[in-house]
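Protein chains: 2
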Amino acid sequence: MAKTELKLGMAAKKPRKSRKDRIIEVAEKLFAQRGFNGVSLREITREAGVDVALVKYYFDNKEGLFDALLQRRADILNRERGEALDRVLARNNPAPVEDIIDAFTHPLLNEVVGEDSTWRDYFGLLAQVNNNPEWGGQVMSKYFDPLVRRFIYALKDALPEADMVDIYWCYHFLSGALTLTFADTRRIDSLSGGLCHSADFESVHKRMVPFIAAGFRSICAERAAERAATPSTETSS
Amino acid sequence: MAKTELKLGMAAKKPRKSRKDRIIEVAEKLFAQRGFNGVSLREITREAGVDVALVKYYFDNKEGLFDALLQRRADILNRERGEALDRVLARNNPAPVEDIIDAFTHPLLNEVVGEDSTWRDYFGLLAQVNNNPEWGGQVMSKYFDPLVRRFIYALKDALPEADMVDIYWCYHFLSGALTLTFADTRRIDSLSGGLCHSADFESVHKRMVPFIAAGFRSICAERAAERAATPSTETSS
DNA sequence: GCGATTTTTCAACGATGGTTGAATTCATGA
DNA sequence: TCATGAATTCAACCATCGTTGAAAAATCGC
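Chains as they are written, first to last, in the working numbering: chain A, 2 to 238; chain Z, 2 to 238.
In structure tokens, the structure reads:
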């Protein structure tokens, strides 16, 4: 009723979001809060102010909506991460580990600062997907593997003495720490008795990058020492 | 029908699991696979071979079943972690960071090796809980905070130059890496092209402990250097 | 203005969800 | 043997779920 009466206001600055976008945005928020099975299409469409049948029209079904929603920001994130890595490698190649890690994590920080909290919902959703034992691995691979491989190779170049197995596992630790941190579960708030705040993303990111980088270096130094002790066996790729 | 005909076999070794236990075990497996809202009580009780109404009788409702299931292994885990920390501190106090981390993570490794795979289900569930933006922080705090605080203080003693804020955030990174790793999402298998295997928990744990320990040390060294540069401002607890 | 296409609404289908009161069976001790 | 309480079953309540075919409305090209 009262939603198209002024399609173009005098300033024409707000193009009145399409129903498709409204569905995606509400679904993103609710999926992040309660998971895929914790939200009904009716709740999503009710809050978005649209008919349920529109989900079928635009996304085929509930899974299609979920996929579209994941893909949308994954594309943005992949582009920003890729560009950040390009800049880092253009400056130094091989680049310092810290710079590579930062290229991977800083885009998340950029998205999440500011008053637009919709990215926080997405990261909360991503943390759940990443940690889902049933289809988490598949889904994350589908959206992020090509780009992650670029980072893996950059890290391997930065740490030539490392085994690829080391790099993969260290990336896994990074992935776990990163997704949990940006999931904003507020666990740390109560654990620390108010000393730390989940929402203080700059503060935690400032610590995360050197933390992860030191972990990478440590494992690779260990491997190098191992190799120096028994220089006969070579297992690098 | 055919489930109580031999209450005590000749060897009397298998006391025929109670219906209550059967419900818990099946629920644990299914919740781990598909999350709290992805499984119905009817599916759980059907697979357990019991009546749906028993859930109300034993656990009041679905949430009660979920709580009971989380509490059961949390108690075991808390005890084993506590004892491991006791042993470490009895040997050295303050203890090396590596030993404290290991006391926190090794119990998970012990549970998960061997043919009894039920602990893997629990850890998969725990990863989802830990990363749930809505109630993950609360639930994890409820079951694990008292013990985690013991570890936090041990870490603070091991790293006297650190701020408590540093310790809390570094623990957060540990928590994210640990839960994702033991969630066994098989992401790393496809990412690494078969070079790494999620189920090879000994291999990954061997890397995780020094990785995390190096992260802790790095952050604290950074803080110490900061303090040395500007020795006037003191913010330690 | 009009036909064609896209977009939106409506109403309903069949299935399944968590929960529950009451009836029934079982175990135990007197 | 029987009464008591615990354990289990049965049947149903009411609400909601995802999905869908077909009609209605809005939009666009001409």
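In this text, a Cβ means the ideal position worked out from N, Cα and C, and glycines have one as well.
From a predicted model like this one, the values you see are computed outputs, not experimental measurements.
What in chain A is Cβ-close to residue i, meaning under 7 Å?
{"i": "residue 178 of chain Z", "result": "174, 177 and 178"}
{"i": "residue 166 of chain Z", "result": "196 and 197"}
{"i": "residue 135 of chain Z", "result": "34 and 35"}
For residue i, which residues in the same chain have their Cβ closer than 7 Å to its Cβ, ignoring the five residues on either side in sequence?
{"i": "residue 81 of chain Z", "result": "108"}
{"i": "residue 13 of chain Z", "result": "At residue 13 of chain Z, the pLDDT of 35 sits below 50, so the modelled position is not reliable and the matter cannot be decided from this model."}
{"i": "residue 198 of chain Z", "result": "190"}
{"i": "residue 27 of chain Z", "result": "45, 48 and 49"}
{"i": "residue 10 of chain A", "result": "Any answer about residue 10 of chain A is weak, because its pLDDT of 33 lies below 50 and its placement is not dependable; what the coordinates show is given next. Result list for residue 10 of chain A: empty, nothing under 7 Å."}
{"i": "residue 222 of chain A", "result": "none"}
Spatial neighbours of residue i within its chain, please: C-beta separation below 8 Å, excluding the five flanking residues on both sides.
{"i": "residue 83 of chain A", "result": "148 and 151"}
{"i": "residue 93 of chain Z", "result": "100"}
{"i": "residue 22 of chain A", "result": "none"}
{"i": "residue 88 of chain Z", "result": "104"}
{"i": "residue 203 of chain Z", "result": "110 and 114"}
Under the assumption that residue i contacts residue j (Cβ atoms under 8 Å), give the Cβ distance between them as a whole number of angstroms.
{"i": "residue 53 of chain Z", "j": "residue 66 of chain Z", "result": "With a Cβ gap of about 11 Å, residue 53 of chain Z and residue 66 of chain Z do not count as contacting."}
{"i": "residue 24 of chain A", "j": "residue 49 of chain A", "result": "5 Å"}
{"i": "residue 167 of chain A", "j": "residue 208 of chain Z", "result": "7 Å"}
{"i": "residue 37 of chain A", "j": "residue 113 of chain A", "result": "That belief does not hold up - the Cβ atoms of residue 37 of chain A and residue 113 of chain A are roughly 22 Å apart, past 8 Å."}
{"i": "residue 169 of chain Z", "j": "residue 175 of chain A", "result": "Not really, about 19 Å apart at Cβ, beyond 8 Å."}
{"i": "residue 135 of chain A", "j": "residue 70 of chain A", "result": "No, residue 135 of chain A and residue 70 of chain A are not in contact; Cβ-Cβ is about 19 Å, not under 8 Å."}
Taking Cβ positions only, does residue i come closer than 9 Å to chain Z?
{"i": "residue 79 of chain A", "result": "no"}
{"i": "residue 62 of chain A", "result": "no"}
{"i": "residue 26 of chain A", "result": "no"}
{"i": "residue 132 of chain A", "result": "yes"}
{"i": "residue 213 of chain A", "result": "yes"}
{"i": "residue 65 of chain A", "result": "no"}
{"i": "residue 223 of chain A", "result": "yes"}
{"i": "residue 237 of chain A", "result": "Bear in mind that a pLDDT of 46 at residue 237 of chain A, under 50, signals an unreliable position, so the model cannot answer this."}
{"i": "residue 51 of chain A", "result": "no"}
{"i": "residue 83 of chain A", "result": "no"}
Residues of chain Z with a CB under 7 Å from the CB of residue i: which are they?
{"i": "residue 97 of chain A", "result": "Residues of chain Z passing the Cβ test: none, with the nearest at roughly 14 Å."}
{"i": "residue 89 of chain A", "result": "The contacting residues do not exist; residue 89 of chain A stays about 20 Å from chain Z at best."}
Using a Cβ-Cβ distance cut-off of 9 Å, determine whether residue i contacts chain A.
{"i": "residue 129 of chain Z", "result": "yes"}
{"i": "residue 72 of chain Z", "result": "no"}
{"i": "residue 218 of chain Z", "result": "yes"}
{"i": "residue 113 of chain Z", "result": "no"}
{"i": "residue 118 of chain Z", "result": "no"}
{"i": "residue 231 of chain Z", "result": "no"}
{"i": "residue 208 of chain Z", "result": "yes"}
{"i": "residue 38 of chain Z", "result": "yes"}
{"i": "residue 56 of chain Z", "result": "no"}
{"i": "residue 204 of chain Z", "result": "yes"}
Within its chain, find whatever has a CB closer than 6 Å to the CB of residue i; leave out the 5 residues flanking it on each side and keep chain order.
{"i": "residue 131 of chain Z", "result": "137, 141 and 180"}
{"i": "residue 75 of chain A", "result": "144"}
{"i": "residue 120 of chain A", "result": "112 and 113"}
Note down, in chain order, every chain A residue with its Cβ under 8 Å from the Cβ of residue i.
{"i": "residue 59 of chain Z", "result": "Per Cβ cutoff of 8 Å: no residues; residue 59 of chain Z is ~24 Å from chain A at best."}
In chain Z, which residues lie less than 8 Å from residue i when you measure between Cβ atoms?
{"i": "residue 169 of chain A", "result": "189, 192, 193, 196 and 197"}
{"i": "residue 142 of chain A", "result": "188, 191 and 192"}
Short-range partners of chain Z found in the segment 181-197 of chain A, where Cβ spacing is below 8 Å:
For chain Z, the residues of the segment 181-197 of chain A that bring a beta carbon within less than 8 Å of one of its beta carbons are 181, 182, 184, 185, 186, 187, 188, 189, 190, 191, 192, 193, 196 and 197, in chain order.
Anything in the segment 144-162 of chain Z with a Cβ closer than 7 Å to a Cβ of chain A? List those residues in chain order, please.
146 and 149
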